[in-house]
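Under my numbering, the first residue of the sequence shown carries the number 1, and numbering increases by one thereafter. Ideal placement from N, C-alpha and C gives every residue a C-beta, glycine not left out.
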Amino acid sequence: MKFPQQGRSPDDILSSLKARKQDDVPWEEGRVFAYIYDAGDEAEKLLKDAFSLYLMENGLDPTSFPSCMELEKEVIGMAVDLVNGGDDATGTFTSGGTESILLSLKTTRDYYRDIRPDITEPEILMATTAHPAFHKACQYFDLKAVTVDVDDDFCAIPEAMEAAITENTILMVGSAPSYAHGAIDPITELGQIALRHQLRFHVDCCVGGMYLPFAKELGYDIPEFDLSVPGVTQLSMDFHKWGYAAKGASCILYKDRAIRRYQIFSYANWTGYAVINPGVTSTKGGGPIAACWAILNYIGREGYLRLVKASQEASAKIVDAVERIDGLEMMGKAQINMLAIRATDFNIFPVADEMKARGWFIQPQFGFANSSENMHLSVGYHNAHQVDEFVRDLAEVVAAVRAEQRDKEPFVMPDDLREFIVNSGPEVMDHLSEVLGSDGSALPGKMEEINNMLNQLPADSREMLLGEFINRLYNPDVH
């Protein structure tokens, strides 16, 4: 596409944008079990209005837009209160869970550079279920990621975590919960390990921070997980997941205010204005913080209890249905609304494609370590009214897929193809377009064949292929 020579009318532009959405998943109908967090029409309107009210404001300079700073301080105060941070806790509003995690690890690295300059190859200790954002942070900040296997419920094993601590370990990670299976790590036990070894301890509550406190208050069996747990030093939590805020709303919280000094970038050694950035970015649009403040005040504690109750009840319905569908079983404890479902005697990847053909979106997950390939569901308030139809369709699709596969040989990647891919670089995509159903310049239709192939490759080969696919997919048409 060429740069436009002349402008277009607002009506024409908005019409084009609306037309672009026709191939997107129909999230408004409650048929999407990932990415979408919708608290209803009135909440959505409030988010849009609040966001628009602060559309042009920039939180970069609190002397110019002090209201952005005040809104952030109030939102962080609400978060600290919710996760029992105490009087000395503080935090920073961020664009998402990944930025929150990046800041946490950058802060910890710089802190240890100051107090332990002898540690020249710092290590971050985490379970195999930890979110990839921790590995991203390790790549960005030259940290070594040390991963430890989990138990059959996909929870971190305290003894194994402690055994993996070395003289270079600076931070341990726990998940509450992990995304893939909704498993809550034993945070209390891990906290004691952190105390014994004088480590920083980050609890990743990006998914759970706006959910677990209310589930616990409702009486569900939720173990201790927050900043009140001895040994926990920092915690990430997203507002734009189960807080139902507009996207671009998360935070990193610290139990002690002093350490946040290591997070802040301050620079005055140039010819321009002094730059002080608490987070990764300089420009900080006022829209996300205003919309976040608005939704927290709109829903309130009583409202979140209602939303979590509906989500828990919908999740329980799905779990009960899955246990009655031949060929399916739940993974892990399935104690909250983050569910993983695997097949017992067939290839599960076609189920995701066939459910999508019926208007449902669920996430396929590859097999890794002790977790077999599966389908992930994030079950929210917006899904609750669709659960009965969803489980009916799921049962029908599973029965049809199992019947079809009885007469087919399961996919097994030829050894020579596997070896060829493993020993190749990104250019291998040129040779795989027929197998993948795409040369990387456009999205494929069904994903079964692609998922089958990727599932039988080593993780680093998957990463290479997917990275190259995205590299090609996001190239503009310049002709």
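C-alpha gap between residue i and residue j, whole angstroms
i: aspartate 221; j: asparagine 370; result: 25 Å
i: cysteine 251; j: aspartate 114; result: 24 Å
i: asparagine 84; j: valine 229; result: 9 Å
i: valine 391; j: glutamine 405; result: 21 Å
i: glycine 96; j: arginine 358; result: 31 Å
i: valine 401; j: methionine 453; result: 18 Å
i: leucine 466; j: glycine 182; result: 25 Å
i: glutamate 123; j: asparagine 168; result: 6 Å
i: alanine 43; j: glycine 380; result: 14 Å
i: valine 136; j: leucine 143; result: According to the sequence shown, residue 136 is lysine rather than valine. Near 10 Å, if we compare the C-alpha coordinates of leucine 143 and lysine 136.
i: glycine 59; j: proline 10; result: 28 Å
i: tyrosine 267; j: proline 458; result: 43 Å
i: alanine 384; j: glycine 303; result: 16 Å
i: isoleucine 187; j: aspartate 151; result: 15 Å
i: valine 398; j: arginine 418; result: 29 Å
i: serine 15; j: tyrosine 211; result: 37 Å
i: proline 37; j: alanine 194; result: The question names proline, yet the displayed sequence has tyrosine at residue 37. Spanning the two alpha carbons is a distance of roughly 34 Å.
i: arginine 261; j: glutamine 5; result: 48 Å
i: glutamate 427; j: alanine 442; result: 17 Å
i: valine 319; j: methionine 330; result: 7 Å
i: isoleucine 101; j: glutamate 409; result: 43 Å
i: glutamine 189; j: glutamate 162; result: As written in the sequence, residue 189 is glutamate, which differs from the glutamine given in the question. Their backbone Cα atoms lie some 10 Å apart in a straight line.
7 Å CB neighbourhood of residue i in its chain, flanking five on each side removed
i: isoleucine 259; result: Thr107 and Tyr111
i: leucine 71; result: Ile289, Ala290 and Trp293
i: arginine 8; result: none
i: glutamate 99; result: Ser250, Gly279 and Val280
i: glutamate 448; result: Phe349, Pro350 and Asp353
i: glutamate 57; result: Phe65, Cys68 and Gly286
i: glycine 91; result: Ile76, Ala79, Val80, Cys251, Ile252, Leu253 and Tyr254
i: leucine 55; result: Gly287
i: phenylalanine 141; result: Leu105, Lys106 and Arg109
Residue nearest to residue i in terms of C-alpha spacing, selected from the options
i: leucine 46; options: Ala291, Leu465, Val148 and Arg306; result: Ala291
i: glycine 78; options: Glu468, Gly248 and Met237; result: At residue 78 the sequence reads methionine, which differs from the glycine that was named. The residue with the shortest Cα to Cα distance from methionine 78 is Met237.
i: cysteine 138; options: Phe265, Gln5 and Arg109; result: Arg109
i: aspartate 407; options: Glu449, Asn451, Phe346 and Leu432; result: Phe346
i: valine 308; options: Thr271, Gly243, Asp256 and Leu296; result: Gly243
i: histidine 240; options: Ala34, Ile450 and Lys21; result: Ala34
i: glutamine 263; options: Gly272, Thr271, Trp270 and Ile276; result: Ile276
i: threonine 129; options: Glu162, Gly367 and Asp49; result: Gly367
i: phenylalanine 225; options: Pro26, Cys205, Gly219 and Glu217; result: Cys205
i: aspartate 49; options: Ile295, Ala321 and Asn269; result: Ile295
Assigned exposure category for residue i - 16 Cβ within 10 Å defines buried
i: histidine 376; result: buried
i: threonine 94; result: buried
i: histidine 481; result: There is simply no residue 481 to check, as the chain begins at 1 and stops at 479 in what is shown.
i: leucine 445; result: The amino acid occupying residue 445 in the given sequence is glycine; leucine does not appear at that position. Glycine 445 should be labelled exposed.
i: valine 422; result: exposed
i: aspartate 149; result: exposed
i: leucine 284; result: It should be pointed out that residue 284 corresponds to lysine in this sequence rather than to leucine. Per the 10 Å Cβ criterion, buried.
i: glycine 172; result: For the sequence presented, residue 172 should be read as methionine rather than glycine. Buried, by the Cβ-count rule.
i: alanine 156; result: buried
i: isoleucine 450; result: buried
Same chain, Cβ closer than 6 Å to residue i, five either side skipped, listed in chain order
i: tyrosine 298; result: Leu46
i: isoleucine 165; result: His197
i: glutamine 456; result: Met413
i: glutamine 234; result: Ser104, His202 and Tyr254
i: glycine 333; result: Note that residue 333 is lysine in the sequence shown, not glycine. Only Asp153 meet the Cβ criterion.
i: valine 232; result: Gly191, Phe201 and Val203
For residue j and residue i, believed in contact at Cβ under 8 Å, the rounded distance
i: methionine 338; j: proline 223; result: In fact, because the Cβ distance is near 15 Å, the residues do not count as touching under 8 Å.
i: threonine 147; j: alanine 160; result: With a Cβ gap of about 10 Å, threonine 147 and alanine 160 do not count as contacting.
i: leucine 394; j: isoleucine 336; result: So it is not a contact: roughly 20 Å between Cβ atoms.
Spatial neighbours of residue i in its chain, beta-carbon cut-off 8 Å, leaving aside the 5 residues before and after
i: phenylalanine 51; result: Ala246, Gly287, Pro288, Ala290 and Ala291
i: glutamine 365; result: Ala180, Ala340, Ser371, Glu373, Asn374, Met375 and His376
i: glutamate 29; result: Gly359 and Gln386
i: lysine 317; result: Val387, Asp388 and Val391
i: alanine 215; result: Ile222, Val308, Gln312 and Ile336
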